[in-house]
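Peer 1:
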Amino acid sequence: MKTAVVILNWNGEKFLRKFLPGLIGSVKGQDAEVIVADNASTDGSMKLMLYEFPRIKTIRFDRNYGFTGGYNRALFQTEAEYYVLINSDIEVPEGWLGPMVEWMDSHPECGICAPKMHSYLKRDKFEYAGAAGGYIDRFGYPFCRGRILKRVETDHGQYDTHTPVFWASGACLMIRSALYRQLGGLDERFFAHQEEIDLCWRAQLAGYQVVTVPESTVWHVGGGTLPNNSPWKLYLNFRNNLLMLQNNLPLTCALDMYRKSPDPMKAAEYGILKARKTIRQRMVLDGCAAAVYLMTFRFRYFSAVVKAHRDFRKLGRRPDLEYTAVSVSEKAGKATVHGFYRKWMIPRAFLGLRIKVEQPAEEAIKHTEK
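At position 331 of the sequence shown (counting the first as 1) the number is 345 in my numbering, and the numbers step up by one without a gap.
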(Lines of atoms letter the chains of each structure in order from A; the text may use other names.)
(Lines give C-alpha, C1' and ligand atoms only; values in the text may rest on other atoms or scores of the structure.)
Protein backbone atom coordinates (compact mmCIF):
# COMPACT_ATOMS: atom_id res chain seq x y z
CA MET A 15 0.00 0.00 0.00
CA LYS A 16 1.39 3.38 -1.01
CA THR A 17 -0.84 5.62 1.11
CA ALA A 18 -2.72 4.96 4.34
CA VAL A 19 -5.47 7.51 4.97
CA VAL A 20 -6.13 7.26 8.70
CA ILE A 21 -9.01 8.83 10.62
CA LEU A 22 -8.57 8.97 14.39
CA ASN A 23 -12.10 8.92 15.73
CA TRP A 24 -13.51 9.77 19.13
CA ASN A 25 -17.30 9.97 19.36
CA GLY A 26 -17.51 11.17 15.77
CA GLU A 27 -20.37 8.97 14.60
CA LYS A 28 -22.25 11.80 12.89
CA PHE A 29 -19.16 12.91 10.97
CA LEU A 30 -18.26 9.35 9.94
CA ARG A 31 -21.77 8.83 8.65
CA LYS A 32 -21.65 12.09 6.71
CA PHE A 33 -18.09 12.23 5.34
CA LEU A 34 -16.66 8.70 5.32
CA PRO A 35 -18.52 7.53 2.17
CA GLY A 36 -17.06 10.42 0.16
CA LEU A 37 -13.57 9.78 1.51
CA ILE A 38 -13.76 6.09 0.60
CA GLY A 39 -15.00 6.92 -2.90
CA SER A 40 -12.27 9.49 -3.44
CA VAL A 41 -9.43 6.97 -3.06
CA LYS A 42 -10.90 4.20 -5.23
CA GLY A 43 -8.58 3.20 -8.03
CA GLN A 44 -5.56 4.54 -6.18
CA ASP A 45 -2.96 2.63 -4.21
CA ALA A 46 -4.50 3.82 -0.97
CA GLU A 47 -6.54 2.48 1.93
CA VAL A 48 -8.84 4.21 4.42
CA ILE A 49 -8.41 3.13 8.03
CA VAL A 50 -10.44 4.21 11.05
CA ALA A 51 -8.71 4.11 14.45
CA ASP A 52 -11.00 4.60 17.43
CA ASN A 53 -10.11 6.12 20.81
CA ALA A 54 -12.69 4.11 22.82
CA SER A 55 -15.76 5.96 21.52
CA THR A 56 -19.04 5.58 23.42
CA ASP A 57 -21.41 7.06 20.82
CA GLY A 58 -22.06 4.16 18.47
CA SER A 59 -19.18 4.89 16.09
CA MET A 60 -17.99 1.29 16.11
CA LYS A 61 -21.48 -0.08 15.51
CA LEU A 62 -21.66 2.20 12.49
CA MET A 63 -18.35 0.85 11.20
CA LEU A 64 -19.39 -2.75 11.82
CA TYR A 65 -22.77 -2.59 10.09
CA GLU A 66 -22.36 0.11 7.44
CA PHE A 67 -18.63 0.00 6.61
CA PRO A 68 -17.62 -3.60 7.33
CA ARG A 69 -14.88 -3.64 4.67
CA ILE A 70 -13.03 -0.67 6.15
CA LYS A 71 -10.17 -1.63 8.43
CA THR A 72 -10.87 -0.53 11.99
CA ILE A 73 -8.39 -0.33 14.85
CA ARG A 74 -9.95 -0.12 18.32
CA PHE A 75 -8.18 1.13 21.43
CA ASP A 76 -9.03 0.31 25.03
CA ARG A 77 -9.14 3.97 26.08
CA ASN A 78 -8.78 7.49 24.76
CA TYR A 79 -5.06 8.04 24.10
CA GLY A 80 -5.63 11.50 22.66
CA PHE A 81 -4.62 12.69 19.21
CA THR A 82 -0.96 11.94 19.84
CA GLY A 83 -1.20 8.52 21.45
CA GLY A 84 -4.01 7.37 19.19
CA TYR A 85 -2.21 8.22 15.98
CA ASN A 86 1.07 6.78 17.22
CA ARG A 87 -0.58 3.46 18.04
CA ALA A 88 -2.44 3.40 14.75
CA LEU A 89 0.41 4.44 12.45
CA PHE A 90 3.15 2.37 14.04
CA GLN A 91 1.14 -0.73 13.13
CA THR A 92 0.34 0.46 9.60
CA GLU A 93 2.61 -0.30 6.62
CA ALA A 94 2.56 2.34 3.87
CA GLU A 95 4.94 4.75 2.19
CA TYR A 96 2.85 7.79 3.11
CA TYR A 97 0.52 8.41 6.02
CA VAL A 98 -2.39 10.85 5.77
CA LEU A 99 -3.76 12.07 9.08
CA ILE A 100 -7.30 13.30 8.51
CA ASN A 101 -10.12 14.33 10.83
CA SER A 102 -13.54 12.73 10.65
CA ASP A 103 -15.11 16.19 10.05
CA ILE A 104 -13.31 16.75 6.73
CA GLU A 105 -15.09 16.72 3.37
CA VAL A 106 -12.86 15.79 0.44
CA PRO A 107 -13.52 16.18 -3.30
CA GLU A 108 -12.50 13.78 -6.04
CA GLY A 109 -8.81 14.07 -6.85
CA TRP A 110 -7.72 15.62 -3.54
CA LEU A 111 -5.14 12.91 -2.75
CA GLY A 112 -3.29 12.61 -6.06
CA PRO A 113 -1.55 16.03 -6.11
CA MET A 114 -0.04 15.44 -2.67
CA VAL A 115 1.23 11.98 -3.59
CA GLU A 116 2.71 13.36 -6.82
CA TRP A 117 4.42 16.19 -4.96
CA MET A 118 5.95 13.83 -2.40
CA ASP A 119 7.06 11.42 -5.14
CA SER A 120 8.87 14.14 -7.07
CA HIS A 121 10.26 16.14 -4.10
CA PRO A 122 12.23 13.91 -1.73
CA GLU A 123 13.23 16.95 0.33
CA CYS A 124 9.58 17.40 1.36
CA GLY A 125 8.71 15.42 4.46
CA ILE A 126 5.21 16.76 5.11
CA CYS A 127 2.64 18.30 2.79
CA ALA A 128 -0.95 19.39 3.12
CA PRO A 129 -3.87 20.68 1.05
CA LYS A 130 -5.42 24.11 1.35
CA MET A 131 -8.10 23.99 4.01
CA HIS A 132 -11.44 25.76 3.49
CA SER A 133 -14.35 26.21 5.85
CA TYR A 134 -17.14 23.68 5.40
CA LEU A 135 -19.79 26.30 6.18
CA LYS A 136 -18.24 29.20 4.23
CA ARG A 137 -16.92 27.31 1.25
CA ASP A 138 -14.76 30.00 -0.35
CA LYS A 139 -13.10 31.07 2.90
CA PHE A 140 -10.05 29.54 4.48
CA GLU A 141 -10.61 27.50 7.61
CA TYR A 142 -9.21 28.75 10.91
CA ALA A 143 -7.25 25.61 11.83
CA GLY A 144 -4.95 25.39 8.82
CA ALA A 145 -5.83 27.74 5.94
CA ALA A 146 -2.96 27.60 3.41
CA GLY A 147 -0.24 26.53 5.82
CA GLY A 148 0.99 28.03 9.05
CA TYR A 149 3.75 30.15 10.56
CA ILE A 150 4.75 30.95 14.15
CA ASP A 151 6.18 34.12 15.64
CA ARG A 152 9.13 34.57 17.99
CA PHE A 153 7.04 33.69 21.07
CA GLY A 154 5.42 30.63 19.52
CA TYR A 155 2.04 32.14 18.58
CA PRO A 156 0.77 30.33 15.47
CA PHE A 157 -0.92 32.00 12.50
CA CYS A 158 -1.59 31.06 8.89
CA ARG A 159 -1.43 32.17 5.30
CA GLY A 160 -5.07 33.17 5.06
CA ARG A 161 -5.77 33.52 8.80
CA ILE A 162 -4.25 35.86 11.36
CA LEU A 163 -5.85 35.79 14.81
CA LYS A 164 -9.59 35.59 14.07
CA ARG A 165 -9.40 37.33 10.69
CA VAL A 166 -9.96 34.75 7.95
CA GLU A 167 -9.49 35.55 4.25
CA THR A 168 -11.50 34.52 1.22
CA ASP A 169 -9.44 32.33 -1.11
CA HIS A 170 -8.80 34.26 -4.32
CA GLY A 171 -5.83 32.11 -5.31
CA GLN A 172 -3.43 34.42 -3.44
CA TYR A 173 -1.65 31.44 -1.90
CA ASP A 174 -1.63 29.08 -4.88
CA THR A 175 2.10 28.45 -4.69
CA HIS A 176 4.09 25.44 -3.60
CA THR A 177 5.56 27.25 -0.63
CA PRO A 178 7.49 25.83 2.31
CA VAL A 179 5.63 26.77 5.48
CA PHE A 180 6.32 26.25 9.15
CA TRP A 181 3.45 23.87 9.89
CA ALA A 182 0.47 22.09 8.43
CA SER A 183 -2.75 21.38 10.29
CA GLY A 184 -3.16 17.93 11.79
CA ALA A 185 -6.75 18.03 10.55
CA CYS A 186 -5.33 16.90 7.20
CA LEU A 187 -1.66 16.35 6.41
CA MET A 188 0.54 13.80 4.64
CA ILE A 189 3.87 12.63 6.04
CA ARG A 190 6.43 10.10 4.90
CA SER A 191 6.10 7.03 7.09
CA ALA A 192 9.89 6.72 7.35
CA LEU A 193 10.10 10.29 8.67
CA TYR A 194 7.24 9.72 11.12
CA ARG A 195 9.10 6.74 12.55
CA GLN A 196 12.45 8.55 12.51
CA LEU A 197 10.94 11.35 14.61
CA GLY A 198 9.30 8.91 16.99
CA GLY A 199 5.84 10.03 15.92
CA LEU A 200 3.89 12.66 17.78
CA ASP A 201 5.00 13.75 21.24
CA GLU A 202 2.53 11.96 23.53
CA ARG A 203 2.99 14.49 26.34
CA PHE A 204 0.86 16.86 24.24
CA PHE A 205 -2.24 14.60 24.17
CA ALA A 206 -3.90 17.00 21.71
CA HIS A 207 -3.42 20.49 20.21
CA GLN A 208 -0.25 21.96 18.67
CA GLU A 209 1.31 18.49 18.42
CA GLU A 210 1.35 18.80 14.63
CA ILE A 211 3.23 22.12 14.84
CA ASP A 212 5.82 20.41 17.03
CA LEU A 213 6.03 17.52 14.54
CA CYS A 214 6.52 19.88 11.60
CA TRP A 215 9.19 21.83 13.49
CA ARG A 216 11.06 18.61 14.29
CA ALA A 217 10.76 17.50 10.66
CA GLN A 218 12.40 20.75 9.51
CA LEU A 219 15.19 20.36 12.03
CA ALA A 220 15.70 16.88 10.58
CA GLY A 221 16.30 18.47 7.16
CA TYR A 222 12.87 18.22 5.53
CA GLN A 223 10.42 20.80 4.20
CA VAL A 224 6.74 21.28 5.01
CA VAL A 225 4.85 22.37 1.88
CA THR A 226 1.30 23.40 0.99
CA VAL A 227 0.05 21.77 -2.22
CA PRO A 228 -2.59 24.19 -3.59
CA GLU A 229 -3.92 21.79 -6.25
CA SER A 230 -5.62 19.97 -3.38
CA THR A 231 -8.39 21.53 -1.26
CA VAL A 232 -10.50 20.04 1.54
CA TRP A 233 -13.34 21.46 3.66
CA HIS A 234 -13.19 21.32 7.45
CA VAL A 235 -16.11 21.66 9.86
CA GLY A 236 -13.87 22.34 12.90
CA GLY A 237 -14.60 22.14 16.61
CA GLY A 238 -15.79 18.57 16.29
CA THR A 239 -14.00 17.34 19.42
CA LEU A 240 -13.55 20.40 21.65
CA PRO A 241 -15.43 23.71 21.28
CA ASN A 242 -13.36 26.89 21.04
CA ASN A 243 -14.58 28.09 24.45
CA SER A 244 -13.42 24.96 26.29
CA PRO A 245 -11.11 25.62 29.30
CA TRP A 246 -9.57 22.18 28.67
CA LYS A 247 -8.67 23.23 25.14
CA LEU A 248 -7.22 26.49 26.46
CA TYR A 249 -5.13 24.54 28.97
CA LEU A 250 -3.77 22.23 26.27
CA ASN A 251 -2.85 25.14 24.01
CA PHE A 252 -0.98 27.08 26.71
CA ARG A 253 0.84 24.03 28.09
CA ASN A 254 1.70 22.49 24.74
CA ASN A 255 2.99 25.73 23.28
CA LEU A 256 5.61 25.87 26.01
CA LEU A 257 6.52 22.21 25.49
CA MET A 258 6.88 22.86 21.76
CA LEU A 259 9.21 25.81 22.34
CA GLN A 260 11.31 23.81 24.76
CA ASN A 261 11.52 20.90 22.29
CA ASN A 262 12.72 22.89 19.31
CA LEU A 263 13.77 26.46 20.02
CA PRO A 264 17.21 25.68 21.54
CA LEU A 265 18.44 23.86 18.42
CA THR A 266 16.81 26.41 16.09
CA CYS A 267 18.58 29.31 17.84
CA ALA A 268 21.81 27.33 17.99
CA LEU A 269 21.76 26.71 14.25
CA ASP A 270 21.22 30.44 13.67
CA MET A 271 24.27 31.24 15.79
CA TYR A 272 26.37 28.52 14.13
CA ARG A 273 25.90 30.19 10.75
CA LYS A 274 27.56 33.30 12.19
CA SER A 275 30.18 31.58 14.35
CA PRO A 276 30.86 27.91 13.51
CA ASP A 277 31.62 26.65 17.02
CA PRO A 278 29.07 23.93 17.96
CA MET A 279 29.48 24.23 21.72
CA LYS A 280 29.21 28.03 21.77
CA ALA A 281 26.23 27.85 19.41
CA ALA A 282 24.56 25.31 21.69
CA GLU A 283 25.14 27.47 24.76
CA TYR A 284 23.68 30.48 22.97
CA GLY A 285 20.69 28.49 21.68
CA ILE A 286 19.77 27.12 25.09
CA LEU A 287 20.07 30.50 26.81
CA LYS A 288 18.13 32.25 24.05
CA ALA A 289 15.36 29.65 24.19
CA ARG A 290 15.18 29.84 27.98
CA LYS A 291 14.82 33.64 27.83
CA THR A 292 12.11 33.40 25.14
CA ILE A 293 10.15 30.83 27.13
CA ARG A 294 10.28 33.05 30.23
CA GLN A 295 9.00 35.96 28.15
CA ARG A 296 6.20 33.82 26.76
CA MET A 297 5.21 32.77 30.26
CA VAL A 298 4.99 36.44 31.26
CA LEU A 299 2.69 37.05 28.29
CA ASP A 300 0.63 34.05 29.37
CA GLY A 301 0.45 35.59 32.84
CA CYS A 302 -0.93 38.79 31.34
CA ALA A 303 -3.62 36.76 29.58
CA ALA A 304 -4.44 35.01 32.85
CA ALA A 305 -4.76 38.38 34.60
CA VAL A 306 -7.26 39.51 31.98
CA TYR A 307 -9.29 36.32 32.50
CA LEU A 308 -9.27 36.95 36.25
CA MET A 309 -10.33 40.59 35.96
CA THR A 310 -13.17 39.67 33.59
CA PHE A 311 -14.40 36.92 35.96
CA ARG A 312 -13.51 34.06 33.62
CA PHE A 313 -12.16 32.02 36.49
CA ARG A 314 -12.05 28.68 34.67
CA TYR A 315 -9.85 30.21 31.96
CA PHE A 316 -7.60 31.75 34.60
CA SER A 317 -7.25 28.35 36.30
CA ALA A 318 -6.50 26.71 32.95
CA VAL A 319 -3.48 28.98 32.36
CA VAL A 320 -2.17 28.48 35.89
CA LYS A 321 -2.51 24.71 35.58
CA ALA A 322 -0.86 24.77 32.14
CA HIS A 323 2.25 26.45 33.56
CA ARG A 324 2.36 24.12 36.52
CA ASP A 325 2.13 21.03 34.33
CA PHE A 326 4.69 22.39 31.87
CA ARG A 327 7.18 22.50 34.72
CA LYS A 328 6.33 18.88 35.56
CA LEU A 329 6.48 17.56 31.98
CA GLY A 330 9.23 19.74 30.57
CA ARG A 331 12.63 18.35 29.55
CA ARG A 332 15.56 20.72 29.83
CA PRO A 333 17.81 20.67 26.76
CA ASP A 334 21.16 18.95 27.11
CA LEU A 335 24.17 21.07 26.14
CA GLU A 336 26.32 18.29 24.67
CA TYR A 337 23.41 16.74 22.76
CA THR A 338 22.51 20.16 21.32
CA ALA A 339 26.12 20.76 20.26
CA VAL A 340 26.28 17.38 18.50
CA SER A 341 22.95 18.10 16.80
CA VAL A 342 24.27 21.45 15.57
CA SER A 343 27.31 19.74 14.03
CA GLU A 344 25.14 17.12 12.33
CA LYS A 345 22.39 19.40 11.05
CA ALA A 346 24.30 22.55 10.09
CA GLY A 347 23.84 23.13 6.37
CA LYS A 348 21.05 20.54 6.17
CA ALA A 349 18.23 21.92 8.30
CA THR A 350 16.40 25.12 7.32
CA VAL A 351 13.39 26.32 9.29
CA HIS A 352 10.88 28.10 7.04
CA GLY A 353 8.12 30.38 8.21
CA PHE A 354 9.60 31.46 11.55
CA TYR A 355 8.49 35.08 12.06
CA ARG A 356 11.19 36.90 14.02
CA LYS A 357 8.83 39.52 15.52
CA TRP A 358 5.78 39.40 17.79
CA MET A 359 2.78 38.93 15.55
CA ILE A 360 -0.09 39.91 17.87
CA PRO A 361 0.41 43.70 18.32
CA ARG A 362 1.17 44.12 14.61
CA ALA A 363 -2.01 42.23 13.74
CA PHE A 364 -4.10 44.39 16.11
CA LEU A 365 -2.65 47.54 14.54
CA GLY A 366 -3.32 46.27 11.04
CA LEU A 367 0.36 46.28 10.11
CA ARG A 368 1.73 44.02 7.42
CA ILE A 369 3.21 40.74 8.65
CA LYS A 370 5.85 39.63 6.19
CA VAL A 371 7.58 36.35 6.97
CA GLU A 372 11.11 36.40 5.64
CA GLN A 373 12.14 32.97 4.39
CA PRO A 374 14.16 31.46 1.53
CA ALA A 375 11.06 29.87 0.06
CA GLU A 376 11.44 30.94 -3.55
CA GLU A 377 15.07 29.88 -3.74
CA ALA A 378 14.24 26.54 -2.13
CA ILE A 379 11.47 25.79 -4.61
CA LYS A 380 13.62 26.79 -7.59
CA HIS A 381 16.40 24.55 -6.33
CA THR A 382 14.17 21.53 -5.88
CA GLU A 383 12.53 21.86 -9.27
CA LYS A 384 15.75 22.04 -11.31
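Ideal Cβ positions, reconstructed from N, Cα and C, are used throughout, including at glycine.
Taking all protein chains shown into account, decide if S275 is buried (16 or more other Cβ within 10 angstroms of its Cβ) or exposed.
Peer 2: Exposed, by the Cβ-count rule.
Peer 1: Report back the beta-carbon spacing between I73 and A51 to the nearest angstrom; my notes put them in contact at under 8 Å.
Peer 2: The Cβ separation is near 4 Å, so the contact holds.
Peer 1: Looking at the secondary structure, which residues open and close the beta strand (DSSP E) in which T168 lies?
Peer 2: Element bounds for T168: n/a, residue is neither H nor E.
Peer 1: Nearest to A322 by CA position, among M114, A185, Y249, is which residue?
Peer 2: Considering only alpha carbons, the answer is Y249.
Peer 1: Between which two residues does the alpha helix (DSSP H) carrying T338 extend?
Peer 2: Run containing T338: 335-345, per the alpha helix (DSSP H) assignment.
Peer 1: List the endpoints of the continuous beta strand (DSSP E) containing S230.
Peer 2: Element bounds for S230: 223-234.
Peer 1: So A46 is in the beta strand (DSSP E); what residue range does that whole segment cover?
Peer 2: 46-52 is the extent of the beta strand (DSSP E) around A46.
Peer 1: Beta-carbon within less than 6 Å of Q218's beta-carbon, same chain only, minus the 5 sequence neighbours each way: which residues are those?
Peer 2: If we look at Q218 and ignore the five residues flanking it on each side, its Cβ neighbours are V351.
Peer 1: Suppose you measure from the CA of Y307 to the CA of N251; what does that come to, to the nearest Å?
Peer 2: Their backbone Cα atoms lie some 15 Å apart in a straight line.
Peer 1: To the nearest angstrom, how far is the alpha carbon of F153 from that of I360?
Peer 2: Rounded to whole angstroms, F153 to I360 spans 10 Å at the Cα level.
Peer 1: Going by C-alpha to C-alpha distance, which of K348, D270, N254 sits closest to K329?
Peer 2: Looking at the sequence provided, one finds Leu at residue 329 rather than Lys. Checked all of K348, D270, N254; the closest Cα to L329 is N254.
Peer 1: Please work out which residues of its chain come closer than 6 Å, Cβ to Cβ, to G125, disregarding the five sequence neighbours upstream and downstream, and give them in chain order.
Peer 2: So the list reads R190, L193, A217, Y222, once near-sequence residues are dropped.
Peer 1: Quick check: what's the CA-CA separation for S183 versus E283?
Peer 2: Whole-angstrom Cα-Cα distance: 32 Å.
Peer 1: Our contact map puts V20 next to V98 with C-beta atoms below 8 Å; I'd like the distance itself, whole angstroms only.
Peer 2: Contact flag correct, Cβ pair sits at about 7 Å.
Peer 1: Take every Cβ of the region 174-183, pair it with every Cβ of the region 143-161, and state whether three or more of those distances are shorter than 8 Å.
Peer 2: Counting Cβ pairs under 8 Å, three or more are found: they touch.
Peer 1: Do G236 and E141 have their C-beta atoms closer together than 9 Å?
Peer 2: Yes.
Peer 1: Under a Cβ-count criterion, where at least 16 other Cβ atoms within 10 Å of its own Cβ denotes burial, should S120 be classed as buried or exposed?
Peer 2: Counting Cβ neighbours within 10 Å, S120 comes out exposed, since fewer than 16 surround it.
Peer 1: Give the DSSP-derived three-state secondary structure of T310 in the structure shown.
Peer 2: DSSP places T310 in coil when its eight states are reduced to three.
Peer 1: Given A346, which residues of its chain have a CB within under 7 Å of its CB, disregarding the five upstream and five downstream residues?
Peer 2: Cβ neighbours of A346 beyond the five flanking positions: L269, Y272.
Peer 1: Rounded to a whole number of angstroms, what is the C-alpha to C-alpha distance between W233 and R356?
Peer 2: Computed Cα separation, rounded: 31 Å.
Peer 1: From the DSSP output, in three-state form, read off V320 for me.
Peer 2: Looking at V320 - three-state DSSP - the assignment turns out to be helix.
Peer 1: Kindly indicate which three-state DSSP category Y284 falls into: helix, strand or coil?
Peer 2: Residue state, collapsed to three classes: helix.
Peer 1: Which partner residues does M279 have in the DSSP bridge list?
Peer 2: Answer is none; M279 lacks a bridge partner.
Peer 1: In the DSSP assignment, what residue or residues form a beta bridge with P129?
Peer 2: For P129, which the question treats as bridged, DSSP gives the partners V227.
Peer 1: May I ask which residues mark the beginning and end of the beta strand (DSSP E) holding Y96?
Peer 2: It spans 96-100 - the beta strand (DSSP E) in which Y96 sits, taken as one unbroken run.
Peer 1: Compute the Euclidean distance between the alpha carbons of L259 and P68, then round it to the nearest angstrom.
Peer 2: The alpha-carbon atoms of L259 and P68 are separated by roughly 43 Å.
Peer 1: Take L89 as the anchor and find which of F354, G199, L257 has the nearest alpha-carbon.
Peer 2: For L89, the nearest C-alpha among the options comes from G199.
Peer 1: What residues are listed by DSSP as bridge partners for M188?
Peer 2: Paired residue(s): V98, C127.
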